[in-house]
Structure formats: C-alpha cells, structure tokens
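Student: Counting in our numbering, the sequence shown runs from 3 upward without gaps. Positions of the beta carbon are idealized from the N, C-alpha and C atoms, including for glycine. Pasting a structure here, questions to come.
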Amino acid sequence: MSKEITSRATDYSQWYIDLVRKAGLADYSAVKGCMVIKPYGFAIWENMRDTLDRMFKDTGHVNAYFPLFIPKSFLSREAAHVEGFAKECAVVTHYRLKNDPNGAGVVVDPEAKLEEELIVRPTSETIIWNTYKDWIQSYRDLPLLINQWANVVRWEMRTRLFLRTAEFLWQEGHTAHATAEEAIEETRRMLDVYATFAEEWMALPVVKGVKSANERFAGAEDTYCIEALMQDGKALQAGTSHFLGQNFAKAFDVQFSTKDNTLDYVWATSWGVSTRLMGALVMAHSDDDGLIIPPKLAPHQVVIVPIPKPLPELQEVASRIADELRAVGVRVKIDNDDQSRPGFKFAEYEKLGIPVRLGLGARDLANGTIEVARRDTKEKSQVPVEGLAAYITALLDDIQRSMFERAKAYRDDHITRVDTWEEFVETLDTKGGFISAHWDGTPETEDRIKDETKATIRCIPLDNPAEAGHCIRTGKPSTQRVLFARAY
3 MSKEITSRAT DYSQWYIDLV RKAGLADYSA VKGCMVIKPY GFAIWENMRD
53 TLDRMFKDTG HVNAYFPLFI PKSFLSREAA HVEGFAKECA VVTHYRLKND
103 PNGAGVVVDP EAKLEEELIV RPTSETIIWN TYKDWIQSYR DLPLLINQWA
153 NVVRWEMRTR LFLRTAEFLW QEGHTAHATA EEAIEETRRM LDVYATFAEE
203 WMALPVVKGV KSANERFAGA EDTYCIEALM QDGKALQAGT SHFLGQNFAK
253 AFDVQFSTKD NTLDYVWATS WGVSTRLMGA LVMAHSDDDG LIIPPKLAPH
303 QVVIVPIPKP LPELQEVASR IADELRAVGV RVKIDNDDQS RPGFKFAEYE
353 KLGIPVRLGL GARDLANGTI EVARRDTKEK SQVPVEGLAA YITALLDDIQ
403 RSMFERAKAY RDDHITRVDT WEEFVETLDT KGGFISAHWD GTPETEDRIK
453 DETKATIRCI PLDNPAEAGH CIRTGKPSTQ RVLFARAY
C-alpha cells in the first residue's frame with residue numbers, strides 16, 4: 003500500500019487524494035473542477051442518502067424536485083442572498099449550437115440568445131419560494147415540509163475531490179411555517195437529525211452550534227451547524243440548518259391568511275448536507291493502508307475469502323455462512339476470484355475499508371472455525387463457525403461503537419482552552435484542532451484573526467456557558483468562548 007498511498011505523516015493532503023482515487027471512490031473529470039463519483043463511492047453515498055431520507059420522512063418531510071435553472075431576476079430579490087452567491091454562479095446565456103461555417107466544429111448560435119439569463123442553481127431558495135407563493139394561501143397550508151435531492155453548481159476555482167467541487171450532490175430542505183417559533187423549532191430539529199446521523203451512522207462526533215454573522219448563510223437570520231474534526235486537526239462543516247426568518251417570504255410575497263383572518267408573511271427554514279460528508283468519512287477514520295468505513299454505511303460489511311482458492315467444499319461453507327449472515331441483515335460479499343493470491347486480496351479489502359474479513363481455509367474447515375479480521379484495529383481471531391452470525395452482528399456493533407469512541411477521544415483531546423493571543427497562535431500552529439477562546443463579538447476582530455492566522459470561528463456551541471473574559475486579540479470584554487479552527 004505504501005507504493006500506492008502517500009502516508010498521512012508525509013503529506014496529509016496527498017494521502018487524502020491518493021486514498022479517494024485508489025479506493026475507487028471518485029476521480030477527476032474532463033470538466034475542470036468536477037468529479038466522477040465511481041460505483042464504490044456512490045454505493046457509500048447511497049447508504050448515506052437512504053438513511054437520511056428515512057430520517058427526513060420520519061420527521062414529516064416529503065420529497066419534491068425543482069428546476070435546475072433559476073431566472074437571474076430571482077436572485078436579485080433578496081439582497082444578502084445574491085451578494086453571497088454572485089461570485090459562484092454559472093450563467094446560461096444561449097440555448098442552441100450550430101455548425102461553424104468555417105468547419106471548426108460547433109459554435110454558439112448568436113441568434114439563440116436568451117431574453118433573460120438563467121443561473122445554474124447554487125442553491126434553490128429563490129426558485130422554491132417563487133413556487134411556494136402559489137402553494138401557500140392559508141394557515142391550513144402550513145407547515146410545508148419539503149426536501150429535494152439534487153445537484154448544485156458553485157463555481158469553485160480551487161477544488162478537491164468531495165470536499166470542494168464545482169458541481170456536487172446534496173439534499174436541501176425548504177420549509178414554511180406560520181410562526182417564528184415553529185420555524186426555529188424546525189431549524190433545531192433538523193440540526194439534531196444531522197448530528198444523530200453523523201454520530202450514529204458515520205461514527206463522527208460533532209459540535210452543535212450557531213455561526214457568527216460573518217459565517218452565516220446568505221439571507222439567513224441564523225445559521226446552525228455541526229462541526230467535525232479531521233485527523234490533521236482541521237475542522238470540517240458537516241451540515242447546516244438555517245432560520246431564514248421572513249426574508250424570502252417578503253422577497254417573493256408569500257403571505258397567508260392567519261387564524262385571525264389577517265395576512266402575514268410565512269417563516270422559513272432551509273437545511274442541507276452534501277457529498278462533502280464523503281470527504282469527512284475518509285479523513286476522520288482512515289489510515290495509511292486505506293479506508294476504514296463504519297459498518298452502518300459500508301456497502302459490504304463482511305467479505306468472505308476462501309483460501310487458497312474457492313474449492314467446492316470451501317465454496318459450499320462460504321455460501322452457507324453468507325446466507326446466515328444475510329438472514330440477520332448483514333451485507334456480505336464472497337470473493338470467488340481464483341486468480342489473485344490471498345495476500346493481494348487482503349490488501350485490497352483493507353484499502354476498500356470492508357469492516358470484517360472472514361478467511362476460510364481447509365484447516366479452518368476441518369476445525370470448524372474461521373479467521374475473523376476486523377479492519378479498524380486489524381485484530382485477528384479464530385472463531386467457531388457455529389453461532390458465527392450472532393458473533394458477527396455483535397462485532398459490527400462493536401466496530402461502529404469503537405470507531406466513534408476513538409474519533410471522539412481525538413476530538414476531545416483537540417479542544418484546547420486558551421486565554422492569550424500567544425497561546426492561540428502556538429496552539430494553532432503546533433496542535434491544531436478546536437481552540438476555545440474569548441472573542442469580542444465584532445466582525446472586524448473576526449476578520450482580523452482570519453487574515454492573520456487563517457483560523458475562523460467554526461461555531462458558538464449551543465451548550466456554551468456564560469463566562470466573563472477578554473478577547474484574545476483586542477482585550478475587549480467578552481461574555482462567552484467560541485470555537486476557532488483552521489478548516490476545509
């Protein structure tokens with residue numbers, strides 16, 4: 003593996019790219035800044051998507067789909083929103099090509115210019131709220147709880163597979179409510195859904211918090227977030243949920259008749275996670291030999307490898323074991339390849355991050371045992387074939403739990419309280435992670451710290467206690483600590 007994957011200690015950034023490509027998660031596209039999600043990577047994303055989709059539906063949401071193209075004039079209706087996305091928009095100006103009369107392939111037909119340019123959606127608030135105007139008339143139409151699974155385009159110049167690409171996949175929820183209290187409750191509820199998914203399925207501990215005004219979503223009153231920590235000490239925003247107030251309702255004149263028979267603007271939320279979670283999954287858990295995937299999200303939770311080759315009697319036992327595991331809900335693959343050596347297979351399955359590998363040889367068959375290797379710790383043991391299904395289900399639960407506990411221990415060890423600027427800079431440069439420090443609450447100081455250190459305020463934790471202190475940069479009074487970090 004060392005010939006294929008750069009070590010984390012040598013070059014963490016290159017390790018990540020090597021791993022994403024060598025493990026078959028994604029690759030570069032002919033379109034600069036875009037990626038191809040390969041079948042194995044898409045299988046993991048499907049498990050994420052399907053789990054989240056169930057969680058959304060369990061909280062009363064339904065799926066819909068809205069257009070990819072947004073009239074340019076729509077983005078002009080909410081000033082903060084257009085300011086936030088103007089520099090990232092891809093613009094469609096023409097609708098037809100034609101053959102070049104000089105024989106140089108195809109060219110844009112100048113006769114096919116659109117009357118109004120269309121924006122390839124960077125996010126869907128504007129097109130959705132223009133639609134909601136026709137859907138919402140009365141308090142009886144509320145709450146409106148809709149999610150869509152889609153792709154979006156944000157024209158990034160510096161890209162990295164999964165973490166930042168010009169086009170990516172995501173879901174975006176857009177809800178409408180009769181009161182501010184209901185909308186804020188929805189915003190917090192969906193933040194909790196994201197946190198539960200991250201911790202219980204991705205084995206990724208997160209901090210729930212609210213963004214500073216500088217980091218708030220364009221057009222939102224408040225942005226709530228979950229922040230995670232990667233193995234290199236950098237933070238990654240893993241999900242956001244926005245309380246939009248009445249900003250978009252007013253921009254698109256979405257009013258409803260209240261129970262008191264008066265007109266009011268509806269209150270809104272939006273919330274989303276993207277394929278960026280794939281990058282978080284890789285960076286939070288994997289090692290120099292390849293992926294380490296939490297069992298709940300692994301396309302194959304167990305691989306059975308007959309050794310040295312799939313002889314009929316070994317194949318029969320492997321098939322029986324696979325059937326028993328599938329009967330209790332375990333996703334299983336049997337390796338029927340008779341061309342590759344066992345050592346090569348073991349290395350490949352390590353690289354793919356399959357949580358459990360079962361090695362079955364003639365001696366195992368005679369002894370009624372099987373070799374069980376877990377990917378997260380690389381521990382191996384001989385286990386009786388009798389009762390194997392119960393053993394494996396318990397082992398998968400233990401792997402899932404252990405991965406979370408290990409990541410949490412790392413995260414907790416990398417939350418450092420500092421009280422001076424010197425401590426802040428030293429911790430940032432030597433240890434990394436989250437830094438809990440006082441800030442005077444002004445965007446000017448926040449910008450100054452970012453310019454000088456590249457560290458940003460990741461969030462103001464929701465469980466933050468009040469604490470009198472002084473800003474690490476200006477010395478001005480502060481009432482609470484916030485979490486800073488360098489981030490992806």
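In its own chain, which residues sit with a C-beta less than 6 Å from the C-beta of L120, not counting the 5 before and 5 after it?
Tutor: For the purposes of this step, residue 120 is identified with residue 118 of the sequence shown, where counting begins at 1. F71 and V94, listed in sequence order.
Student: Could you say which of E118, K115, L165 and H176 lies nearest to T125 if we only look at CA atoms?
Tutor: In the sequence shown, the residue the question calls residue 125 occupies position 123. Here the closest residue by C-alpha is H176.
Student: For S140, collect the residues of the same chain with a Cβ closer than 8 Å to its Cβ; drop the 5 residues on either side in sequence, then sort them by chain order.
Tutor: Along the sequence shown, read from residue 1 onward, the residue named residue 140 stands at position 138. Cβ within range, chain order: F258 and S259.
Student: Compute the Euclidean distance between the alpha carbons of K456 and R408, then round it to the nearest angstrom.
Tutor: Residue numbering aside, residue 456 sits at position 454 when the sequence shown is read from its first letter. Residue numbering aside, residue 408 sits at position 406 when the sequence shown is read from its first letter. If you take the alpha carbons of K456 and R408, they lie about 28 Å apart.
Student: Does I294 come out as helix, strand or coil in the three-state DSSP assignment?
Tutor: Translated into the one-based positions of the sequence shown, residue 294 becomes position 292. In this structure, I294 counts as coil in the three-state DSSP scheme.
Student: In chain order, what residues of the same chain have a beta carbon less than 6 Å from the beta carbon of A300, not counting five sequence neighbours either side?
Tutor: Here residue 300 refers to the residue found at position 298 of the sequence shown. Closer than 6 Å at Cβ, skipping near neighbours: P357.
Student: What's the C-alpha gap between Y393 and T12?
Tutor: The residue given as residue 393 occupies position 391 in the sequence shown. The residue given as residue 12 occupies position 10 in the sequence shown. Y393 and T12: Cα-Cα distance of roughly 38 Å.
Student: Could you tell me whether the Cβ of A92 comes closer than 8 Å to any Cβ of chain C?
Tutor: Judged by its chain identifiers, the structure shown contains no chain C, having just a single protein chain.
Student: Could you compute how far the alpha carbon of M3 sits from the alpha carbon of R365?
Tutor: Looking up residue 3 in the sequence shown gives position 1. Looking up residue 365 in the sequence shown gives position 363. For M3, the pLDDT reaches just 43, beneath the cut-off of 50, and the residue's location in the model is therefore unreliable, although a value from the coordinates is still provided. For M3 and R365, the distance between alpha carbons rounds to 29 Å.
Student: Compute the beta-carbon to beta-carbon distance between I401 and E217, rounded to the nearest angstrom, for a pair I have assumed lies under 8 Å.
Tutor: Locating residue 401 in the sequence shown gives position 399, counting from the first residue. Locating residue 217 in the sequence shown gives position 215, counting from the first residue. I401 to E217, Cβ: 35 Å. No contact.
Student: Identify the residues that DSSP records as bridge partners of S404: which are they?
Tutor: One-based indexing of the sequence shown puts residue 404 at position 402. According to DSSP, S404 bridges with nothing at all.
Student: If you run the structure through DSSP and keep just helix, strand and coil, what is K74?
Tutor: As a first step, residue 74 is located in the sequence shown; it is residue number 72 there, counting from the start. Three-state result, K74: helix.
Student: Have a look at R419 and Y196 and give me their C-alpha separation to the nearest angstrom.
Tutor: Stepping through the sequence shown from its first residue, residue 419 is reached at position 417. Stepping through the sequence shown from its first residue, residue 196 is reached at position 194. Each residue's alpha carbon lies about 26 Å from the other.
Student: By DSSP, does R278 sit in helix, in strand, or in coil?
Tutor: For the purposes of this step, residue 278 is taken as residue 276 along the sequence shown, with counting starting at 1. DSSP places R278 in helix when its eight states are reduced to three.
Student: Which stretch, first to last residue, makes up the alpha helix (DSSP H) that contains I186?
Tutor: Indexing the sequence shown from 1 puts residue 186 at position 184. Unbroken alpha helix (DSSP H) run through I186: A182 to E202.
Student: CA-CA distance, Y412 and Q233?
Tutor: The residue labelled residue 412 in the question sits at position 410 within the sequence shown. The residue labelled residue 233 in the question sits at position 231 within the sequence shown. Going by the C-alpha atoms only, they are around 8 Å apart.
Student: Compare the Cα-Cα distances from G26 to each of T422, F486, D102 and G355 and report the closest residue.
Tutor: As a working note, residue 26 is residue 24 in the sequence shown. That would be G355, whose Cα lies nearest to the Cα of G26.
Student: Could you check which residue in N466, Q317 and W273 has the C-alpha nearest to that of H63?
Tutor: Along the sequence shown, one-based indexing puts residue 63 at 61. Looking at the Cα atoms, W273 is the closest of the given residues.
Student: Taking the alpha-carbon positions, what's the D414 to I451 distance?
Tutor: Translated into positions along the sequence shown, residue 414 becomes position 412. Translated into positions along the sequence shown, residue 451 becomes position 449. Computed Cα separation, rounded: 23 Å.
Student: Specify the secondary structure class of A28 as computed by DSSP and reduced to three states.
Tutor: The residue labelled residue 28 in the question sits at position 26 within the sequence shown. The answer is strand: DSSP assigns A28 an E or B state.
Student: Measuring straight from C-alpha to C-alpha, what distance separates V212 and L367?
Tutor: The count along the sequence shown starts at 1 and reaches residue 212 at position 210. The count along the sequence shown starts at 1 and reaches residue 367 at position 365. Roughly 57 Å between the two C-alpha positions.
Student: Write down the C-beta distance between V108 and K100 rounded to the nearest angstrom, noting that I regard them as a contact closer than 8 Å.
Tutor: Taking the first residue of the sequence shown as position 1, residue 108 is located at position 106. Taking the first residue of the sequence shown as position 1, residue 100 is located at position 98. 7 Å between Cβ atoms; contact.
Student: In whole angstroms, what separates the C-alpha of E446 from that of H472?
Tutor: Taking the first residue of the sequence shown as 1, we reach residue 446 at position 444. Taking the first residue of the sequence shown as 1, we reach residue 472 at position 470. Using only the alpha carbons, I get a separation of about 16 Å.
Student: If distances are taken between C-alpha atoms only, which option among H179, W203, T271 and S342 comes closest to E223?
Tutor: The residue labelled residue 223 in the question sits at position 221 within the sequence shown. That would be T271, whose Cα lies nearest to the Cα of E223.
Student: With a threshold of 8 Å on Cβ separation, who are the neighbours of R10 within its own chain once the five nearest residues in sequence on each side are excluded?
Tutor: Numbered from its first residue, the sequence shown carries residue 10 at position 8. Contacts found: W17, Q233, D234, D289 and D290.
Student: Considering only their Cβ atoms, is the gap separating G241 from W269 smaller than 8 Å?
Tutor: What you label residue 269 is simply residue 267 of the sequence shown in a count that begins at 1. What you label residue 241 is simply residue 239 of the sequence shown in a count that begins at 1. The answer is no: Cβ separation not under 8 Å.
Student: For Y351, count neighbouring Cβ atoms within 10 angstroms of its own Cβ and tell me buried if that reaches 16, exposed if not.
Tutor: Counted from its first residue, the sequence shown places residue 351 at position 349. Y351 is buried by the Cβ-count criterion.
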